[in-house]
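Accompanying notes for the structure given below.
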Amino acid sequence: MYIMVGTRPDLAVAVGVLSQFAADPCPTHWQALKRVFRYVQGTQTHGIEFQATSNDKLQGYSDAYWAGDVETRRSTSGYAFLMNNGCIIRRSKKQRTLALSSTEAEYMALTEATQEAVWLKAFLCDIGEVKNDEAAKIYEDNQGSSALAKNPEFHKRTKHIDIRYHFVREKVADG
-5 MYIMVGTRPD LAVAVGVLSQ FAADPCPTHW QALKRVFRYV QGTQTHGIEF QATSNDKLQG
55 YSDAYWAGDV ETRRSTSGYA FLMNNGCIIR RSKKQRTLAL SSTEAEYMAL TEATQEAVWL
115 KAFLCDIGEV KNDEAAKIYE DNQGSSALAK NPEFHKRTKH IDIRYHFVRE KVADG
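Those letters in the sequence shown? Residues -5 to 169, by my numbering.
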């Protein structure tokens, strides 16, 4: 787990899924674990690489896997933030609320990423890595959630979305 958290974000999904079965693994889980170990052995030279470039701005990426949990139909949110082309923070977790559409799942993921961006930007400003007037850009691949974040009008099809997820609208308006 330590290796994955600190240096190998490419292992996050596999380790996260396997950790759900740590208490009572079946033979399939052991086979999957062996496969992860073989992958690690074959990719020992892989890791996070930071490059000294002119692109030192904070960049975020947000995505969601809609209704991916077969049993509960809960979606998974994920985001990653990069500086100097290296991943400085990333997270993936199941959403607490059941999303009724892919747009809603993506919007919830975007909200989580925006909350992280606010904290991360404040931290990076405190240590002098970014300027306070620079907005963190978060890339999102769902047109519906992007439109929902940018347009504060009432939408009949999204009126059920909890107000806490509209936090992202306020941050988009702030720049």
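From the three backbone atoms N, C-alpha and C, an ideal C-beta is built for every residue, glycine too.
Self-check item: Inter-residue spacing [alpha-carbon to alpha-carbon] between residue 160 and residue 145
Solution: 11 Å
Practice problem: Excluding the 5 residues preceding and the 5 following residue 56 in the sequence, name in chain order all residues of the same chain whose CB lies nearer than 6 Å to its CB. | Solution: 73, 103, 104, 107, 132 and 134
Quiz prompt | Completely contained beta strand (DSSP E) runs for the region 51 to 101, where each covers 3 or more residues | solution = 53 to 59, 70 to 77 and 80 to 88
Practice problem: State the CB to CB distance for the pair residue 128 and residue 51, rounded to an integer number of angstroms; the pair is presumed to be in contact (CB under 8 Å). | Solution: 6 Å
Quiz item: Would residue 126 be called buried (16 or more neighbouring beta carbons within 10 Å of its own) or exposed?
Solution: exposed
Quiz item: Which residue from 4, 142, 23 and 139 puts its Cα closest to that of residue 38?
Solution: 4
Quiz item: Is residue 144 helix, strand or coil when you go by DSSP?
Solution: helix
Quiz item: residue 106 by DSSP, collapsed to three states: which one?
Solution: helix
Quiz item: Residues in its own chain within less than 7 Å of residue 139 by CB, not counting five upstream and five downstream?
Solution: 97, 100, 101 and 104
Self-check item: Under 9 Å between C-beta atoms of residue 130 and residue 114
Solution: yes
Quiz item: So what does DSSP say about residue 131, is it helix, strand or coil?
Solution: strand
Exercise. Determine the burial state of residue 41: buried for a count of at least 16 other Cβ atoms within 10 Å of its Cβ, exposed for fewer.
Key: exposed
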